[in-house]
Amino acid sequence: MPEISGELQAINTAWQIAIQEILRMVIRDMYHADGEATFLANIKRIEAAAVDSIYSDLRLRGTNEWTEVLVKDKASNFVTTLLTSFTYDRA
Numbered sequence: 120m121p122e123i124s125g126e127l128q129a130i131n132t133a134w135q136i137a138i139q140e141i142l143r144m145v146i147r148d149m150y151h152a153d154g155e156a157t158f159l160a161n162i163k164r165i166e167a168a169a170v171d172s173i174y175s176d177l178r179l180r181g182t183n184e185w186t187e188v189l190v191k192d193k194a195s196n197f198v199t200t201l202l203t204s205f206t207y208d209r210a
């Protein structure tokens, strides 16, 4: 069982890194031209909209309420962690 758990953790980490790098490039390219203040404001707006969408629109079929709340909480934490990791690149 520990082998399966380690593999699942590796897959989870790989997905997080892949998504983070894709989003970093997209967000940087979209908001780089308008300066740091605009960049940070857009990051905050994206974070708020994503978290709101997770809590209001996400419906998990075949799960109980506890599982759905846990998944929504973890997804929201991932969004916040991911987006707050982005910094404005002046280059």
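Per the numbering used here, residue 120 is the first one in the sequence shown, and the count goes up by one each step. C-beta: ideal position from N, C-alpha, C; glycine also.
Backbone CA spacing between Ala-133 and Gly-154 [nearest angstrom]: Just so you know, the alpha carbons of Ala-133 and Gly-154 end up roughly 31 Å apart.
Which of helix, strand or coil DSSP assigns to Arg-178: Reduced to three states, the DSSP call for Arg-178 is coil.
Within 8 Å, strictly: CB atoms of Phe-205 and Ile-162: Cβ distance < 8 Å, so Phe-205 and Ile-162 count as in contact.
Exposure of Tyr-174, with buried meaning 16 or more beta-carbon neighbours within 10 Å: Tyr-174 comes out exposed.
Three-way DSSP call (helix, strand, coil) for Thr-200 in this model: Helix, per DSSP.
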